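Encoded as structure tokens, the structure appears first; notes follow it.
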């Protein structure tokens with residue numbers, strides 16, 4: 070049964086926000102049963118386009134047609150009534166309610182909870198989305214929450230399912246399972262619009278692809294006939310330079326974490342349970358894992374923002390520092406890049422020059438006076454060295470794009486010539502070119518003899534820059550794994566917390582002995 | 019069909035950060051005119067009371083400064099608080115306790131006392147205000163009590179404490195049972211700047227305070243750290259700036275400033291302790307601080323403006339027969355207009371006449 074009426078057709082969509090043209094003359098056609106990828110970097114205009122389809126944003130120009138007739142979708146309710154469903158990157162579930170109650174909230178009012186429960190179970194078994202409808206949402210893992218969202222979307226019997234970066238919160242094994250579900254849906258005639266910037270996923274799953282760059286369509290293709298390199302050229306206009314990873318010249322232990330155990334601060338946090346690791350001069354240690362498994366808490370304890378740990382649980386050059394605050398740790402040679410840039414790594418409404426003073430004292434006299442000229446000069450230096458696009462040293466932090474602010478913050482910390490550099494999600498939301506630059510700077514720092522600890526959700530990134538890897542799951546840290554021994558499937562298994570404990574003990578013991 | 023629409027700006031407008039207070043003042047004047055008409059008064063006479071009489075003569079200007087001085091001093095202290103995200107709403111109470119402490123010292127003076135007692139009076143005022151503010155700081159620090167509520171409630175406690183003192187222990191025994199202390203000795207009075215005007219050294223202290231605040235905020239690391247705590251608490255924590263010390267610095271600064279203003283008032287224009295020491299300066303200074311954009315220079319202008327409202331209100335009462343609460347009405351109008359006009363900082367007004375569009379009010 071071949072129906073050639075496009076399921077969804079966008080014609081010449083344009084949308085302008087205050088200063089940016091988010092979409093410019095974008096056209097796109099999704100056929101029935103097609104898994105269509107929408108590929109682009111952060112800020113390329115993918116989200117705006119999807120919001121237009123889903124009715125939460127109105128285009129300035131252009132038309133949307135659904136199943137061959139013009140559709141004026143004014144809000145998400147109308148979109149769902151038409152047969153368009155969406156699974157957002159950030160879940161909208163009430164933690165305290167059960168799975169069935171959450172789903173019930175989004176459905177027609179005439180159904181009883183028992184009926185909804187039964188429908189959930191039916192859908193779940195039909196697609197192999199294993200879930201217990203009576204469980205409260207706060208007991209679910211992130212992957213399970215996503216299943217709830219998908220079931221909720223499927224219960225409206227959509228003809229078009231939109232998924233926004235669905236794999237960013239999943240382990241590699243969970244991604245495989247998701248793909249099975251999506252392929253089954255597509256074989257039943259449901260069209261899928263799959264938003265991502267992960268090239269290998271798109272090549273594995275999708276049969277059509279629209280690439281966006283800076284709000285404009287830069288190509289339509291069948292990703293199965295393309296290579297990563299050719300897709301990446303369409304996405305960023307160039308291929309990122311390859312990194313040179315020389316053998317590490319490892320020195321003494323700089324950072325030691327010994328059986329770090331901390332109860333969580335709030336109910337959505339994660340308890341840290343006997344976390345041990347070390348980082349030596351001249352090596353990059355990576356920490357992999359799905360976020361929300363204790364990485365945030367570990368970073369707070371290492372940066373000194375959380376000083377509840379016993380002094381001996383964190384050591385720097387053998388000195389016990391668990392009780393020291395961030396400024397004192399900085400004076401020992403630690404520089405830290407937090408994962409939140411605006412509001413934590415930088416004060417949004419202050420200029421870049423002033424933001425230097427959060428972690429740098431170079432332009433402050435002994436008496437505490439600010440030498441404004443030196444400060445501006447220092448900021449200009451970092452802006453030039455790290456190719457930060459900003460109107461100058463006085464540009465406010467919030468006026469910069471996420472990637473440029475990240476370059477400035479990473480630059481600020483690297484410029485301090487640290488002995489230990491801790492960085493969380495170094496390239497999160499950063500475009501490919503800038504990400505390559507940041508990774509190269511991290512490796513340069515390592516080659517200069519600095520110990521580096523990198524926390525990242527991107528496995529590709531960790532494999533690229535780390536010398537050793539740990540995996541974090543449920544507040545615990547796996548034993549260390551050499552990069553040569555790390556494979557996606559092994560690390561993926563460990564991300565679920567399944568690492569061999571006996572070996573762990575041996576490995577930690579040999580680490581300590583080494 | 020035309021309709022108005024607010025569109026968010028990419029960046030806050032630099033033009034409107036200065037334009038908004040001016041537009042707010044214009045709106046206040048327009049609404050004021052309508053108010054005078056509604057009350058059956060000649061609007062031109064009304065405006066004259068508020069905006070011309072207070073600057074008509076040298077003497078009038080002096081009086082303008084007499085009222086602007088305490089407003090500015092209190093606002094300077096509050097600016098430190100508000101910039102550090104500490105919401106001290108109780109400057110009025112700190113003002114009263116400062117006045118009470120200063121009055122207590124002034125009452126110790128005899129005819130033989132040295133002129134230096136003025137210094138002791140001012141110090142007593144500052145310590146009084148700091149002590150009162152430190153109650154709020156302590157409760158916030160130790161028990162995480164909301165400083166807005168605590169400081170505001172302590173205003174009423176301070177008023178009652180003043181009442182107790184002037185009805186009780188400090189009541190003038192030769193005062194025909196009026197609730198007031200005896201009049202302070204002449205040596206205690208704050209030195210005036212010139213003959214024929216009530217302007218005192220308080221004005222110099224206020225100007226020096228404005229300069230000092232500018233230096234603290236924009237040229238010292240301590241001032242920088244103080245503000246980071248207000249603008250981005252997580253960034254302050256990341257940098258290692260203590261939020262506890264920021265709280266204490268902010269509360270003690272504003273307490274000292276309000277207490278100093280209290281001392282300057284009782285030992286200056288008032289000259290004795292009475293239940294009428296609280297004149298609402300502590301609350302008006304909150305408006306002064308915000309209209310002046312928490313900036314030392316801006317607050318000098320807004321303190322003068324607010325002082326005009328005080329004097330204009332008194333004149334409107336005596337010459338036009340309007341109730342004195344007209345002062346408060348004008349203060350409130352100005353604050354509300356400013357809050358409304360501040361929308362233009364982050365948004366621009368767009369007139370949409372579908373299908374074509376045109377934009378106005380999008381200057382810079």
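Residue numbers (our numbering), protein chains in the order written: chain A, 70 to 583; chain B, 19 to 382. We put the beta carbon where it would ideally sit given N, CA and C, even for glycine. Everything numeric in this text was worked out from a predicted model, so none of it was measured.
task = Less than 8 Å between the CB atoms is what I'm expecting for residue 259 of chain A and residue 230 of chain A, so what's the real figure, rounded?
result = 6 Å
task = Note down the Cα distance separating residue 371 of chain A from residue 391 of chain A, rounded to an integer number of angstroms.
result = 8 Å
request  = Quick one: list the residues of chain A neighbouring residue 246 of chain B, beta-carbon separation under 8 Å, in chain order.
outcome  = 416, 419 and 427
inquiry  = For a quick check, are the C-beta atoms of residue 253 of chain B and residue 416 of chain A less than 7 Å apart?
reply    = yes
key: Contiguous beta strand (DSSP E) assignments of at least 3 residues, all confined to the region 96-181 of chain A   = 104-108, 130-135 and 153-156
message = Using a Cβ-Cβ cutoff of 9 Å, what residues of the region 246-280 of chain B are near chain A? List them in chain order.
response = 246, 249, 250, 251, 252, 253, 254, 255, 256, 257, 258, 259 and 260
ask   = What does residue 311 of chain B reach in chain A if we use C-beta pairs closer than 8 Å?
value = Within 8 Å Cβ-Cβ: nothing; residue 311 of chain B doesn't reach chain A, min ~13 Å.
query = For residue 105 of chain A, is the classification buried or exposed, using 16 other Cβ atoms within 10 angstroms of its Cβ as the cut-off for buried?
reply = buried
Paired residues, beta bridge with residue 438 of chain A - DSSP = B:238
inquiry  = For a contact defined as C-beta to C-beta under 7 Å, what are the partners of residue 394 of chain A on chain B?
reply    = 258
Proximity of residue 94 of chain B and residue 275 of chain B at Cβ, strictly below 7 Å = yes
query = For residue 271 of chain A, which residues of its own chain have a beta-carbon under 8 Å away from its beta-carbon, when the five flanking residues on both sides are left out?
reply = 106, 108, 263, 265, 278, 292 and 300
ask   = Taking buried to mean at least 16 other C-beta atoms within 10 Å of its own C-beta, is residue 182 of chain B buried or exposed?
value = exposed
query = Are any of the Cβ atoms in chain B nearer than 7 Å to that of residue 407 of chain A?
reply = yes
query = Are the C-beta atoms of residue 242 of chain B and some chain A residue less than 7 Å apart?
reply = yes
task = Report yes or no: do three or more beta-carbon pairs, one from the region 319-331 of chain A and one from the region 505-516 of chain A, lie closer than 8 Å?
result = no
key: Neighbour flag for residue 46 of chain B against chain A, beta carbons, 7 Å   = no
ask   = Quick one: what's got a C-beta closer than 6 Å to residue 46 of chain B's C-beta in the same chain, skipping five residues either side?
value = 351, 352 and 355
message = Spatial neighbours of residue 26 of chain B within its chain, please: C-beta separation below 7 Å, excluding the five flanking residues on both sides.
response = 364 and 365
task = Indicate, with yes or no, if the ligand PLP has a heavy atom lying under 6 Å from the CB of residue 123 of chain A.
result = The model depicted lacks the ligand PLP and carries no ligand whatsoever.
ask   = Do the CB positions of residue 314 of chain B and residue 228 of chain B come within less than 7 Å of each other?
value = yes
request  = Mind checking which residues open and close the alpha helix (DSSP H) that includes residue 206 of chain A?
outcome  = No alpha helix (DSSP H) holds residue 206 of chain A; DSSP gives it neither H nor E.
request  = Sort out for me which residues DSSP pairs residue 328 of chain B with in a bridge.
outcome  = According to DSSP, residue 328 of chain B bridges with nothing at all.
key: Distance between beta carbons of residue 404 of chain A and residue 504 of chain A, contact taken as under 8 Å   = Contact flag wrong, Cβ pair sits at about 19 Å.
query = Looking at chain B, which residues of the region 430-453 of chain A have a Cβ within less than 7 Å of any of its Cβ atoms?
reply = 433, 437, 438 and 439
query = Do you know whose CA, among B:21, B:288, B:328 and B:290, lies nearest residue 306 of chain B's CA?
reply = B:328
request  = Would you kindly work out how many angstroms separate the C-alpha atoms of residue 161 of chain A and residue 220 of chain A, rounded to a whole number?
outcome  = 13 Å
inquiry  = Would residue 583 of chain A pass as an interface residue toward chain B - the criterion being a Cβ-Cβ separation below 7 Å?
reply    = Any answer about residue 583 of chain A is weak, because its pLDDT of 49 lies below 50 and its placement is not dependable; what the coordinates show is given next. Chain B, which has no Cβ nearer than 7 Å to the Cβ of residue 583 of chain A, makes this no.
query = Does residue 361 of chain B come within less than 7 Å of chain A when only Cβ atoms are used?
reply = no
Exposure of residue 76 of chain A, with buried meaning 16 or more beta-carbon neighbours within 10 Å = buried
key: residue 383 of chain A versus A:114, A:496 and A:345, residue with shortest Cα-Cα distance   = A:345
message = Which residue marks the beginning of the beta strand (DSSP E) containing residue 345 of chain A, and which one marks its end?
response = 341-349
task = Look up residue 279 of chain A in the DSSP assignment and give the residues it is bridged to.
result = A:107 and A:289
ask   = Whose C-beta lies closer than 6 Å to the C-beta of residue 85 of chain B among residues of the same chain, with five residues either side of it excluded?
value = 325 and 328
request  = Examine chain B for any beta-carbon lying closer than 7 Å to the beta-carbon of residue 609 of chain A, and answer yes or no.
outcome  = Any property of residue 609 of chain A remains undetermined from this structure, which presents chain A solely from 70 to 583.
inquiry  = Rounded to whole angstroms, what is the Cα-Cα separation between residue 584 of chain A and residue 408 of chain A?
reply    = It is not possible to answer for residue 584 of chain A, since the shown part of chain A is limited to 70 through 583.
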